[in-house]
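Q: The structure follows.
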Amino acid sequence: MKHRKPTPAWQKLGLRVSKKLAVGATALATVFGGLAVASVSAQASTDRNSYADTVGNPTFEAARKKYGLTKEMKNGAILHAWMWSFNTITEHMDEIAEAGYTSIQTEPMSKIKVNDANGKKFTENWYYVYQPTNTSIGNFVVGSEDDLKVMTAAAHAHGIRIIVDVVANHFTADWNAIDSDWQKSEYFHARNSCSGSGGDNIDYSNRWQVTHCHLLGLWDLNTANPEVANRMHDFLKTAVNDGVDGFRFDAGKHVELPNEFDGSQYWTTILQNGSQYQYGEVLQGDSGLDYKAYANLYAKYGEGGGGATASDYGKTIRSALWSKNLNAGNLMSLRNGGVNDDQLVTWVESHDNYANSDKESTYLTNDQIRFGWAVVGARAGGAPLFFNRPKASGGNQPQFAEASQLGDAGDDMWKDTAVAAVNHFRNAMDGEAEYLRNCGSEQNNNSCLMVERYKTDNNAGNDGVSIANMGGDQNLAGTPTKLDDGTYTDQVNGDTITVSNGKITSGTAKGDAVSVYFNTSVKESVSATVSKKFSSNTIKVTLNASNATNLTYSLSNGKNGSFVDGDSLTIGGDMEIGDSVTLTVKGTGAESGEALEFTATYTKVEVQANTIYATKPSGWSKMYAYVYTGDGATAKN
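Under mature numbering (1 follows the signal peptide of the UniProt record, and there is no 0), the residues of the sequence shown are numbered -44 to -1, 1 to 593, in order.
This is the structure:
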């Protein structure tokens, strides 16, 4: 391509620095035609409380209610955005909210070893993200700490919360790759304390070996060392201050409980980090494993609860899918290990089930995953986690087809119509009772399972049923039900069922399909442009309302009035640098009659100085750069 003088599209390279909502200014780099623009601003230290900052924040709550997401993380669906970068997650935030996910789980954020020869392929490469080299934030898979801040701000603007996977048990097996300030022998367990070439021979019935030997030869942290605990605590605290709301602890059962051995205080130190929800990878089945103690420990330190992984139930679900035997009696218990059901994270498959060499779940098809989610995602107990597979992989395809790379979004099953319908069903039925039964008047069709959610109050608006039918079309007439009398619409296929006097009187469970029968409620909301800092003279704020009446706005500077959806205000003309103005938007729900309210704060700040770097391509004789200082400004050459 020959060089030519830039067109107007090139000229409109507005050097506008994006500020992170509520958390502070971020570093932003934009590359356009060889021109890199960067702005860096230091972030003030905070002591963030995630619960208060989200469900205690009217702006977050307005966004959460707009998308109908659950208030408590322990009750909502989690999207495991496996191997997505922070920026990729940010780019898909609208779709994630619209698909009904309460939370997003990211990959580990620690610095990791880079294997240049592997590039960003999955094969023999994905697992390095679970092998830290220090406790700083940022790696080549997820991106930088600034990317994390931008992502959490975008999530909160959509009423979504962020869970970050954390590797707090071990570092990489390559000692030379570990950062020098961590290369202290007292920070790790001795290699010669356990058998095996790398101290990695573990007897899983021996708790000392499980917690002190080197899993897969990885350097096992000396978690009884208070300095190690304090450094890990500070790492997690930084992430919470960056906007993170929860943590998943990889290899959780490999770290000793406070009452084991020398009374290690590792967990009680690192769990006090300001997040609202924490859970551990505590795979069930080991002799001597106190599963309940782990689940209770994680739940204790989060205002929104926490717990452990329901790995046994995942195996039960997969077995049912392979055999097409969805017997209600077999699938009723969540195999909770003696803890409350809301202390569990459930799944059809986890990343380990899919990606490990034993390929425990790799060959499940999309249809089987969809059927499994219609059960797991609809249950009253557990926080169901949907694992996003790499693109064009699994089932009848290779485990890693390499159609996507590390950092990319995977396949589209996470936003499949049926999967999203189950998520919305779950959100709408939050707090309701459940009943599992097989389809048909005799309730004996084991290829067809119904998960009923109900509240006996003569109101069909808060009842529903999710149906996984791995067989042919099933006539539901005569099937007993807990649902209140009324007509229910299938949010996947558009069919209806009718209920009267404790029985379904008409309707069909479509064969080889998922059906999700419930009546969606009308969403009522008022909102406006989210809180932000601005450096231009004025800022345009858009006011929005959905199914609401009596719409009014008021500004803390005394201005007020009424509005209709889509109206805008221009504020800032009478503000000085450092001034803030708070906007309050109010309305009344058109159907519920409930009061609706949304607040946002806008602060005028100084224009940040920017350093501009440009590299002239060798084929260009000259390079032209045009800078715009604001909307409508004159270009400066």
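Built from N, CA and C at the ideal position, the CB exists for glycine as well.
#1: Run through DSSP, which three-state label would Gln139 get?
#2: Considering Pro436, what are the terminal residues of the beta strand (DSSP E) in which it resides?
#3: What does the Cβ neighbour count give for Tyr57, buried or exposed, with the cut at 16 atoms within 10 Å?
#4: Whole angstroms is fine: what's the gap from Phe203's alpha carbon to Ala111's?
#5: In chain order, what residues of the same chain have a beta carbon less than 7 angstroms from the beta carbon of Asn431, not counting five sequence neighbours either side?
#6: Report yes or no: do the segment 112 to 120 and the segment 76 to 90 share at least 3 C-beta pairs separated by less than 8 angstroms?
#7: CA-CA distance, Ile226 and Gly442?
#8: Can you tell me whether DSSP reads Thr544 as helix, strand or coil?
#9: Assuming contact is defined by CB atoms lying nearer than 8 angstroms, are Leu405 and Ala424 in contact in what I supplied?
#10: Which runs of the beta strand (DSSP E) fall wholly inside the segment 462 to 549 and span at least 3 residues, in chain order?
#11: Would you give the residue range spanned by the beta strand (DSSP E) that Gly442 belongs to?
#12: For Lys496, count the other beta carbons within 10 Å of its own beta carbon; 16 or more makes it buried, fewer makes it exposed. Which is it?
#13: Find out if the Cβ-Cβ distance for the pair Thr494, Gly529 is shorter than 8 angstroms.
#14: Could you tell me how far apart the beta carbons of His168 and Ser141 are, in whole angstroms, since I believe they sit closer than 8 angstroms?
#15: Along the alpha helix (DSSP H) that carries Val375, what are the first and last residues, could you check?
#16: Give, in chain order, every unbroken run of the alpha helix (DSSP H) that is at least 4 residues long and sits entirely within the segment 75 to 126.
#17: Hey, how far is the Cα of Pro214 from the Cα of Asp246?
#18: Please classify Met288: is it buried, with 16 or more other beta-carbons within 10 angstroms of its beta-carbon, or exposed?
#19: Can you tell me the Cα-Cα spacing of Glu63 and Pro88, whole angstroms?
#20: Which value, in whole angstroms, describes the spacing of the CA atoms of Thr128 and Arg335?
#21: What did DSSP end up calling Gly173 once you bin it into helix, strand or coil?
#22: If you count every other CB in all the chains shown that lies within 10 Å of the CB of Val520, and 16 or more means buried, which is it?
#23: Verify whether the separation of the beta carbon atoms of Ser481 and Lys280 is less than 8 angstroms.
#24: Measure the CB-CB distance between Phe554 and Ala18 and report whether it falls below 8 angstroms.
#25: Counting C-beta neighbours from all protein chains within 10 Å, is the total for His(-42) 16 or more, i.e. buried, or is it exposed?
#26: By the DSSP assignment, the alpha helix (DSSP H) with Ile226 in it spans what residues?
#27: Quickly, what does DSSP pair Ser59 with across the bridge? List them, please.
#28: Just grab the DSSP bridge partners of Trp40 for me.
#29: For Val184, I'd like the list of residues in its chain whose CB is within less than 7 angstroms of its CB, leaving aside the five on either flank, ordered along the chain.
#30: Kindly list the residues whose CB is nearer than 6 angstroms to the CB of Ser92, restricted to its own chain and excluding five residues on each side of it in sequence; keep chain order.
#31: Here's a check: name, in chain order, each residue in its chain whose Cβ is nearer than 7 angstroms to the Cβ of Gly351, leaving out the five neighbours to either side.
#32: Looking at Ala109 and Gly199, is the spacing between their C-beta atoms short of 8 angstroms?
#33: In angstroms, rounded to a whole number, what distance separates the CA positions of Lys193 and Gly417?
#34: Spell out a yes or no on whether the segment 249 to 257 and the segment 294 to 306 are touching, meaning 3 or more CB-CB pairs, one atom from each, closer than 8 angstroms.
#35: In angstroms, rounded to a whole number, what distance separates the CA positions of Val211 and Val166?
#36: For the segment 276 to 341, list the beta strand (DSSP E) runs that are entirely contained and at least 3 residues long, ordered along the chain.
A: Taking the definition as stated:
#1: coil
#2: Unbroken run through Pro436: none, as it is neither H nor E.
#3: buried
#4: 16 angstroms
#5: Thr464
#6: no
#7: 50 angstroms
#8: strand
#9: yes
#10: 469 to 474, 481 to 484, 488 to 490, 495 to 502, 504 to 511, 516 to 518, 524 to 527, 536 to 545
#11: 442 to 445
#12: exposed
#13: yes
#14: Actually they are not in contact, since the Cβ atoms of His168 and Ser141 sit about 15 angstroms apart, beyond 8 angstroms.
#15: 373 to 384
#16: 101 to 113
#17: 12 angstroms
#18: exposed
#19: 12 angstroms
#20: 38 angstroms
#21: helix
#22: exposed
#23: no
#24: yes
#25: With a pLDDT of 33 at His(-42), under the threshold of 50, the modelled position of this residue cannot be trusted; read the value that follows with caution. So His(-42) counts as exposed.
#26: 222 to 226
#27: Ile34, Arg117
#28: Gly363
#29: Tyr143, Leu177, Asn178
#30: Lys67
#31: Tyr319, Leu320, Thr321, Asn322
#32: yes
#33: 42 angstroms
#34: yes
#35: 8 angstroms
#36: 300 to 303
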